[in-house]
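FYI, the numbering for the sequence shown is 1 to 84, going by the UniProt record's numbering.
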Amino acid sequence: MRLARSNVRLLVLLAFYFLFVVIGASIFSAIEAPHENSIIRSLRNKRAMFLEEHPCVSDEALENFIVEIVKAHENRVSPIKNVT
Numbered sequence: 001m002r003l004a005r006s007n008v009r010l011l012v013l014l015a016f017y018f019l020f021v022v023i024g025a026s027i028f029s030a031i032e033a034p035h036e037n038s039i040i041r042s043l044r045n046k047r048a049m050f051l052e053e054h055p056c057v058s059d060e061a062l063e064n065f066i067v068e069i070v071k072a073h074e075n076r077v078s079p080i081k082n083v084t
């Protein structure tokens, strides 16, 4: 069973499109990775400093609080200064 010429052309175009998307995603990831890693390091340092400065707060309690803040933010509720 032979494929029609238009079907072959479509398959080639789809393959090139897929390759284009994969290469674009790789380039974007390579460009953004250093900035993302620096943000992650900064947040980890701030978390460690917070736990050091506030020994009465456990790591688990802080994690639960952060999860609640993120959930509120995802629902478009601003956790900053309780302004909703």
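Beta carbons are placed, not taken as given, at the ideal position from N, Cα and C, and that holds for glycine.
Since we're looking at a predicted model, the values are computed, not measured.
Cβ-Cβ distance between residue i and residue j below 7 Å
{"i": "residue 69", "j": "residue 55", "result": "no"}
Same chain, Cβ closer than 8 Å to residue i, five either side skipped, listed in chain order
{"i": "residue 63", "result": "none"}
{"i": "residue 59", "result": "51"}
{"i": "residue 33", "result": "none"}
Contacting residues, own chain, Cβ-Cβ under 7 Å from residue i (five flanking each side not counted)
{"i": "residue 73", "result": "79"}
{"i": "residue 20", "result": "none"}
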